[in-house]
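With the numbering used here, letter number 58 in the sequence shown gets 342, and the count goes up by one each step, no holes.
From the three backbone atoms N, C-alpha and C, an ideal C-beta is built for every residue, glycine too.
Scroll down for the structure; my scribbles are underneath it.
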Amino acid sequence: MSRVNVMLAVAALTALAPVALAGGINLGGSIGASGRVSGSVGGADMTGFSVDSFTTRDDLGGSVKSDDPASFSLPMYGSDGTKLYINTLGAGATVKINEGFKSIGENRNGQLINGSRGNIMVSWDEQVLTNKNVVTVLYMTSDGQDILPSGVMVGNETFDFWTWNVGVIDPINFQSQDGKVPLFAATVSLSRDGGDSFYSSKSIFNKSVSSPWNGKDGGVTQIDVGQGVNFIRLRYEVGQVPGPGTGALLGLGVLAAARRRRR
Numbered sequence: 285m286s287r288v289n290v291m292l293a294v295a296a297l298t299a300l301a302p303v304a305l306a307g308g309i310n311l312g313g314s315i316g317a318s319g320r321v322s323g324s325v326g327g328a329d330m331t332g333f334s335v336d337s338f339t340t341r342d343d344l345g346g347s348v349k350s351d352d353p354a355s356f357s358l359p360m361y362g363s364d365g366t367k368l369y370i371n372t373l374g375a376g377a378t379v380k381i382n383e384g385f386k387s388i389g390e391n392r393n394g395q396l397i398n399g400s401r402g403n404i405m406v407s408w409d410e411q412v413l414t415n416k417n418v419v420t421v422l423y424m425t426s427d428g429q430d431i432l433p434s435g436v437m438v439g440n441e442t443f444d445f446w447t448w449n450v451g452v453i454d455p456i457n458f459q460s461q462d463g464k465v466p467l468f469a470a471t472v473s474l475s476r477d478g479g480d481s482f483y484s485s486k487s488i489f490n491k492s493v494s495s496p497w498n499g500k501d502g503g504v505t506q507i508d509v510g511q512g513v514n515f516i517r518l519r520y521e522v523g524q525v526p527g528p529g530t531g532a533l534l535g536l537g538v539l540a541a542a543r544r545r546r547r
């Protein structure tokens, strides 16, 4: 077997085919002797993605590390460029995956009702599918109030723009060696009725996030002011980290193919 074939076998053994075996993704593209991918894998452009990026996951198929905490916040922007946080705990508020809804602070813009302005709540989880996983982040106000009603003023400055921050301070930690995963799609959806329906749903792929994804999303500036937004859904479709026990099977297949080419 030539040196190139050996290197190809090793590269495939360590990464690409475990993805196919564990997640059902049809492999495409090719692996260079440097260990870098060229072309598309599972529908995502993986050019330049290192085969050393993946490692064995520690749970049943999740790409996100178990019990991972990540930071979540809702910044708003004023007419003079001032940045404040709608959630009073600010940029560093964290919530663990599968923890359920947790407060990241009071709703700065909520009306005072019975001594409370309500809270900004966040929940996030990961759904394991056949050939991809879906990370879903939900923001909501605890009492159904708008996150940014019309006429919000702090001092003499009006605030008419807002966005979301996911993982900006404490990123979503993936189980790959370099902390990145392929990203196939990403969307933001806005609701006025607590998530029962969504009046707006837009792609944020290649806007605030791109592939490979490092678990951070700085958001896209929104102008939905005074629209009654009280629920936000973010969905990220990500590649799967290979599971344990797939490497040996793959290695046999790759080595057999190399031997056939040598004959």
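Leaving out the 5 sequence neighbours to the left and right, which residues in its chain are closer than 6 Å to residue i when beta-carbon positions are compared?
i	result
G251	Examination of residue 251 is not possible in this model, given that the chain is present from 285 through 547 alone.
S484	L474
K491	V504
N310	Confidence is the limiting factor: at N310 the pLDDT is only 40, short of 50, which leaves the residue's position unreliable, though a coordinate-based value still follows. Around N310: no qualifying Cβ.
V436	N393 and F443
G410	Checking the sequence shown, residue 410 turns out to be Glu, not Gly. Answer for E410: G346, V348, N417 and V419, listed in chain order.
Within its chain, find whatever has a CB closer than 7 Å to the CB of residue i; leave out the 5 residues flanking it on each side and keep chain order.
i	result
P433	N393 and G510
K486	T471 and V472
I453	S355, A375 and G376
K464	S337, F458, P496, W497 and N498
K620	Nothing about residue 620 can be read from this structure; the chain reaches only from 285 to 547.
T447	P359, G503, V504, T505 and Q506
On a CA-only basis, which of the options is nearest residue i? Give me that one, please.
i	options	result
G273	G365, Y369 and N391	A question about residue 273 goes unanswered here, because the residues of the chain that appear run from 285 up to 547.
F356	F468, A377 and D364	A377
P359	D501, G512 and Y520	D501
V513	I388, I453 and S481	S481
S400	I381, Q506, G384 and S426	S426
D477	E410, Q429 and K367	Q429
N417	P466, G479 and I397	P466
F489	W408, R519 and G374	R519
M405	T366, F468 and L373	L373
K386	L422, I507 and Q461	L422
V348	N449, I431, P455 and Y369	P455
I507	D352, M424, K380 and I431	I431
Q395	R517, E521 and I370	I370
S258	E521, G439 and V379	The chain is shown from 285 up to 547; residue 258 falls before or after that span and cannot be answered.
Q461	I388, P526 and I397	P526
D364	R517, F445, V493 and F468	F445
S494	V438, R517, G479 and F468	F468
I516	S407, V522, G439 and V438	S407
G384	V438, P353 and N449	P353
Near residue i, which residues of its chain fall below 8 Å by C-beta distance, leaving aside the five closest residues on each side in sequence?
i	result
V412	L344, G345, G346 and Q524
Which first and last residues belong to the beta strand (DSSP E) in which residue i is found?
i	result
I507	Here I507 belongs to no beta strand (DSSP E), and DSSP marks it neither H nor E.
P359	P359 to G362
S487	S484 to S487
W446	E441 to W446
N403	N403 to V412
Examine the ligand ZN and report whether any of its heavy atoms sits within less than 7 Å of the Cβ of residue i.
i	result
F445	Among the ligands in the structure shown, none appear at all, so the ligand ZN cannot be discussed.
(request) Let me know the beta strand (DSSP E) ranges lying completely inside the stretch 373–401, each 3 residues or longer, listed in chain order. (result) 378–380 and 386–390
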